[in-house]
Each structure stands twice: as C-alpha cells, then as structure tokens.
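Student: In UniProt numbering, the protein residues as written are 1 to 482. Here it is, the structure in full.
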C-alpha cells in the first residue's frame, strides 16, 4: 500500500464513504490517471486512465478549478458523469470533487448513506486534499531528482567516453547506444551530411539492424522521413508510424524495420557546415518528458561540438604530417613512421622493405625550365606514386624529386613495380623531351632483416644502392649530369 492509498483509506473510514478516489492529471496525455482508491463498488476499475474530454465531472472540476458538491443526485445521469465506474452505479446520494494542488489532481468522494456531506465532512475532505497535494509535491521532487540524476549520468558517461577517443565513429557509437538505453527505444541511428554533399551517411547505429543498412548512402533529396528532416533541419516526432502508409519509412522503401511505433528525429547544424542527425525508433508508441528530450537535444549539440573538434584535429594532423601540394607524407613524418614500422616488424618477426626513388637529372632540368614547370612535374609524379603504391604500403616525399615507399610485408617486387610506374610517368612528361632532357627514376632498396635491423641501417643501405644507380647511369655515353 502506497502513501496515497493510506490517506484515501483513512478518509474513507472517517466519512464512511462509498468511494474515495484520487486522480492525477497527466498533461502530456491530457488524461486523468487513478492513483489510489477505496471503494465498496464492484464497478470501480483498479486501473483507470480517462481522457480529459471524456471524464465527466472530473473535467468540469478541473476546468473551473474549485470544489463541486452535489447532493440529491439525479441517478439516471450518473453513468455519463462518472465514467470511471464500469457500469452505472445506483443509489449514490451525494458526491464531492475538489482540485488537488494547482490542477495537479482531483479528489473524488461519494456516499450512499447521506444526502451529501455536511460542513465538517467537507472540511475533512479539503484538508485531505491539502495532504495529498503535499504528497504529490514530494513525489514530484523525488521524480525530478531521479530524472536529473539520470540526465547528469547520461551526460557524464558520454563526455567521459568522448574524452577517451579521437575517432568520430567511436564517439557516435557511444552516443547511439547510451541514448537508446536512456529513452528505451529499440534502435538509434547517428547520421551526417557533409557540406554540399548529395547524400547522407550513417555513422553508427545501435540495436538489431538489417544486414547491409549501414553501408548504403542515403540520397539527400530522398523523401524518406530521416533524409527529409536532415534536409529541412529541426525535429520530427511521429507518436505512431503508420505501417500501411507508403511514406512512413526511415531510410529506404522496403527497409526491414518496424513502422508502427514512435519515431523521433533531431538535427544539429555543424559550425563548419553540414548537419548531424539522431534518429530514434521504437516498436511501440512512446512519449518522453520534456527533461528527457532536453537531455537528448543537449547531448546531440555536445556531440556536434566534439565531432567538429575531431574533424579539425584530423585536418591539422593531416596538414602537419603531409606535404600540402602532393598530399604525400612529409620527410619528418615519414622518418617517424619508418622507425615505428621497423620496431613493430622486429617485435613480430616480420619482414620489411624500403625503396628510395629519385628522378634525375632534376638539377640539370632546373637550369632549363622555370620553377612553375618543375612544380607541374612534381605534382604529376606524386599523383602517379599515390596511384601505384600498394594498399598496405606507406609512401612519402623526401624532396622535390625524391620519394620513399615502405612495404610492411617485405614485398620488394611490389615496390619495384611502383618504381616502374613512376618511371613511366617520367616518360609521359612531354616538356622535358622538347629540350632533350630524359628523366629517369633511380632506385635504392633495403630489406629487413637481410640489410639491417634498424631504421638507420635500412636508410643507409637504400642510399648506397641509390648512389650506385647514379654512378652506373653516369657511365652511359651521352647521359646528362646527375
């Protein structure tokens, strides 16, 4: 027995009432919900939820905001006025209904013994209503405290998870999983649309998902509910999707997702352009308090700030690690990576291959062509190198005409094919041939472990072989100076 039931039963015993019922008003549902009752009637339901418009005398009392006391009632009209009885209840001689708090609830009392309630009895009823109001306020305080605790826990867990990663995908995984658990939905999706992009992509999702859903891009112009919300911005809330409607699908027509529960889609604009979205789908009809909605909205905004921070951090790292015009790793970053890869290869007892490629006669060509022309050559060679580097290999720029490629499996043959492709790119440059300059790629290589077990030893061996290649070329008749 809860506290409300104890108070209601005490009032019923004091008044010798037929029914005492305490209803709480639920604003989001616009309905009266029975919290506690003590009745001699077999027609009073144990669980009652009445819409405000169909609650008879309850809605009238709630509307006027003051006590209604009726005696010598017209029993024929009772069923319509008191819908919380399953059937018409005869013999009631009087009733009193009074508001509890500021439209928070209603206290209803009726009797079959007397024609209404005397002044003393009415005073007891009104005093009981005040007690119920205090109990409601205490209950509301406990509810708010628990709600705020849940919200703060959600924010704390999310920020803690985001502090431990720099990967936006890992961060979005944490967002979807924790928000799905927080709101009690079966699915949660995090999506992004890049500035000016013609499609949206799903960053992460939580729940049992149809196979292949995450890999499919969503056209930005799609009439799908989620895509349309991302396109327009703002939010979309559908209390109950219509499974028979051709327009009620999230991402794609015929998707293997249920379409009878609640859908909530909210978006956040990124400061750098583009938009993020969070879509929440349930199998059943759900509604959430304003505080929970606020918590999720703020969580998405915080994630948007984190996402942009991660984006600009990756841009900075990329710009600080690469040579801007060519997009290849710069010489400092390349040297660090070679050092790391050598240590990893030794620890795992795996081979490693390093190739240094140099295009000559570059210095001689610089005396014949302007810098702007030489820059075009460099960009063409860098593009050819990027296109032919093996997927697992690492390539970088050492100088304007010198590059290095590192293969983690020690596949020297693959790297030599890259050298041949770069040599072919040199041959396709037309402007050098017009002045009799024939560019050629010289190769120096080293393998771990045969040629050394440290990064310095590999570099030295590769450069010795590169120098030997220069000397052989200089011995050929008619060769240009290197």
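For every residue, glycine included, the Cβ atom is placed at its ideal position computed from N, Cα and C.
Quick one, which of 431, 9, 204 has its alpha-carbon nearest residue 369's?
Tutor: Translated into the one-based positions of the chain shown, residue 369 becomes position 369. If we check each option's Cα against that of residue 369, 431 comes out closest.
Student: Name, in chain order, the residues that DSSP records as bridge partners for residue 395.
Tutor: As a first step, residue 395 must be located in the chain shown, where it is residue number 395. In DSSP, residue 395 forms a bridge with 405.
Student: Given this structure, state the Cα-to-Cα distance separating residue 414 from residue 353, to the nearest angstrom.
Tutor: Along the chain shown, one-based indexing puts residue 414 at 414. Along the chain shown, one-based indexing puts residue 353 at 353. If I take the Cα positions, the gap works out to 10 Å.
Student: Tell me where the beta strand (DSSP E) around residue 150 begins and ends.
Tutor: Position 150 of the chain shown, counting from 1, holds the residue named residue 150. Residue 150 -> not in any beta strand (DSSP E); alpha helix (DSSP H) instead, spanning 119-163.
Student: According to the neighbour-count rule (16 or more other Cβ atoms, all chains shown, within 10 Å of its Cβ), is residue 401 buried or exposed?
Tutor: Sequence index remark: in the chain shown, residue 401 carries index 401 (1-based). Looking at its Cβ environment, which holds 16 or more other Cβ atoms inside 10 Å, residue 401 is buried.
Student: May I ask you to report which of helix, strand or coil DSSP gives residue 419?
Tutor: Numbered from 1 along the chain shown, position 419 holds the residue referred to as residue 419. Note: residue 419 maps to helix in three-state DSSP.
Student: Would you check if there are 3 or more beta carbon pairs closer than 8 Å linking the stretch 438-453 to the stretch 344-351?
Tutor: Flag = yes, the stretch 438-453 and the stretch 344-351 touch.
Student: Can you list, in chain order, the residues of its chain with a C-beta nearer than 6 Å to that of residue 75? Leave out the 5 residues immediately preceding and following it.
Tutor: Looking up residue 75 in the chain shown gives position 75. For residue 75, the predicted structure reports a pLDDT of 47, less than 50, and the residue's modelled location is therefore unreliable. A value from the coordinates is still provided. Closer than 6 Å at Cβ, skipping near neighbours: 90.
Student: Leaving out five residues before and five after residue 172 in sequence, what residues of the same chain have Cβ atoms less than 6 Å from its Cβ?
Tutor: On the chain shown, residue 172 is found 172 positions in, with the first residue counted as 1. Excluding residues within five positions, the ones whose Cβ falls inside 6 Å are 190, 203, 204.
Student: Below 8 Å on the Cβ atoms is my guess for residue 443 versus residue 416; work out the distance and round it to an integer in Å.
Tutor: Within the chain shown, the letter at position 443 stands for residue 443. Within the chain shown, the letter at position 416 stands for residue 416. Indeed, because the Cβ distance is near 7 Å, the residues count as touching under 8 Å.
Student: Following the continuous beta strand (DSSP E) through residue 199, name the residue where it begins and the one where it ends.
Tutor: By 1-based counting over the chain shown, the position of residue 199 is 199. 199-206 is the span of the beta strand (DSSP E), which, as asked, contains residue 199.
Student: Measure the Cβ-Cβ separation of residue 406 and residue 341 and say whether it is below 7 Å.
Tutor: Counting from one through the chain shown, the residue named residue 406 turns up at place 406. Counting from one through the chain shown, the residue named residue 341 turns up at place 341. Yes, Cβ-Cβ distance for residue 406 and residue 341 is below 7 Å.
Student: Just how far apart, CA to CA, sit residue 421 and residue 385?
Tutor: Within the chain shown, numbered from 1, the residue matching residue 421 stands at position 421. Within the chain shown, numbered from 1, the residue matching residue 385 stands at position 385. Near 8 Å, if we compare the C-alpha coordinates of residue 385 and residue 421.
Student: With the cut-off set at 7 Å, would you say residue 68 and residue 36 are in Cβ contact?
Tutor: Position 68 of the chain shown, counting from 1, holds the residue named residue 68. Position 36 of the chain shown, counting from 1, holds the residue named residue 36. No, they are not a contact pair.
Student: In chain order, which alpha helix (DSSP H) runs of at least 4 residues are fully inside the stretch 332-382?
Tutor: Qualifying alpha helix (DSSP H) stretches, in chain order: 362-366.
Student: Starting from residue 38 and walking both ways along the beta strand (DSSP E), at which residues does that stretch end?
Tutor: Start at 1 with the first residue of the chain shown, and residue 38 comes out as number 38. Element bounds for residue 38: 31-39.
Student: Give me the Cβ distance between residue 267 and residue 229, rounded to the nearest whole Å; I'm assuming they're in contact under 8 Å.
Tutor: Locating residue 267 in the chain shown gives position 267, counting from the first residue. Locating residue 229 in the chain shown gives position 229, counting from the first residue. 6 Å between Cβ atoms; contact.
Student: Between which two residues does the alpha helix (DSSP H) carrying residue 431 extend?
Tutor: Taking the chain shown and counting its residues from 1, one reaches residue 431 at position 431. That run of the alpha helix (DSSP H) goes 430-434.
Student: If you pair each beta-carbon of the stretch 371-384 with each one of the stretch 305-318, do three or more pairs fall below 8 Å?
Tutor: These segments do not touch.
Student: How about residue 58 and residue 95: do their beta carbons lie closer than 7 Å?
Tutor: For the purposes of this step, residue 58 is identified with residue 58 of the chain shown, where counting begins at 1. For the purposes of this step, residue 95 is identified with residue 95 of the chain shown, where counting begins at 1. No, the pair does not count as a contact, with Cβ atoms beyond the cut-off.
Student: On the three-state DSSP scale, how would you describe residue 464?
Tutor: Indexing the chain shown from 1 puts residue 464 at position 464. It is helical.
Student: Taking buried to mean at least 16 other C-beta atoms within 10 Å of its own C-beta, is residue 144 buried or exposed?
Tutor: Counted from its first residue, the chain shown places residue 144 at position 144. That one is exposed.
Student: Is it the case that the stretch 271-291 contacts the stretch 248-262, given that we only count it when at least three CB pairs across the two stretches are under 8 Å?
Tutor: Yes, since at least three Cβ pairs between the stretch 248-262 and the stretch 271-291 fall closer than 8 Å, the two stretches touch.
Student: Using a Cβ-based criterion (distance less than 6 Å to any ligand heavy atom), does residue 136 qualify as near the ligand MG?
Tutor: Annotation note on the ligand MG: not contained in the displayed structure, which lists no ligands.
Student: Work out the CA separation of residue 437 and residue 367 for me, nearest whole Å.
Tutor: Taking the chain shown and counting its residues from 1, the one referred to as residue 367 is at position 367. Taking the chain shown and counting its residues from 1, the one referred to as residue 437 is at position 437. If you take the alpha carbons of residue 367 and residue 437, they lie about 11 Å apart.
Student: Do the stretch 100-112 and the stretch 5-19 touch if we need at least three Cβ pairs shorter than 8 Å?
Tutor: Segments in contact, yes.
Student: Count the other C-beta atoms from every protein chain shown that fall within 10 angstroms of the C-beta of residue 117, then say buried if there are 16 or more, exposed otherwise.
Tutor: Here the question's residue 117 lines up with position 117 in the chain shown. The residue in question, residue 117, is buried, as its Cβ has 16 or more Cβ neighbours within 10 Å.
Student: For residue 99 and residue 288, I'd like the C-alpha separation in whole angstroms.
Tutor: Taking the first residue of the chain shown as 1, we reach residue 99 at position 99. Taking the first residue of the chain shown as 1, we reach residue 288 at position 288. Using only the alpha carbons, I get a separation of about 26 Å.
Student: Within this structure, are the beta carbons of residue 85 and residue 44 separated by less than 7 Å?
Tutor: Reading the chain shown from its first residue, position 85 is the one you call residue 85. Reading the chain shown from its first residue, position 44 is the one you call residue 44. Their beta carbons are under 7 Å apart, which means residue 85 touches residue 44 by this criterion.
Student: Reducing DSSP to helix, strand and coil, say where residue 306 ends up.
Tutor: Stepping through the chain shown from its first residue, residue 306 is reached at position 306. Helix at residue 306.
Student: Starting from residue 173 and walking both ways along the beta strand (DSSP E), at which residues does that stretch end?
Tutor: Position 173 of the chain shown holds residue 173. Careful: residue 173 lies outside any beta strand (DSSP E), inside the alpha helix (DSSP H) at 168-183.
Student: With distances taken between CB atoms, is the gap from residue 130 to residue 158 smaller than 7 Å?
Tutor: One-based indexing of the chain shown puts residue 130 at position 130. One-based indexing of the chain shown puts residue 158 at position 158. No, they are not a contact pair.
Student: In terms of residue numbering, what span does the alpha helix (DSSP H) encompassing residue 14 cover?
Tutor: Here residue 14 refers to the residue found at position 14 of the chain shown. Per DSSP, residue 14 belongs to the alpha helix (DSSP H) from 3-15.
Student: Quick one: is residue 38 buried, meaning 16 or more other Cβ sit within 10 Å of its Cβ, or exposed?
Tutor: One-based indexing of the chain shown puts residue 38 at position 38. Burial call: buried.
Student: Given a cut-off of 7 Å on the beta-carbon distance, is the pair residue 101 and residue 150 in contact?
Tutor: Position 101 of the chain shown, counted from the first residue, corresponds to residue 101. Position 150 of the chain shown, counted from the first residue, corresponds to residue 150. Contact: no.
Student: Take residue 162 and list the residues in its own chain whose beta-carbon comes closer than 6 Å to its own, dropping the five residues that flank it on each side.
Tutor: For the purposes of this step, residue 162 is identified with residue 162 of the chain shown, where counting begins at 1. Closer than 6 Å at the Cβ level, and outside the excluded window around residue 162, lie 171, 306.
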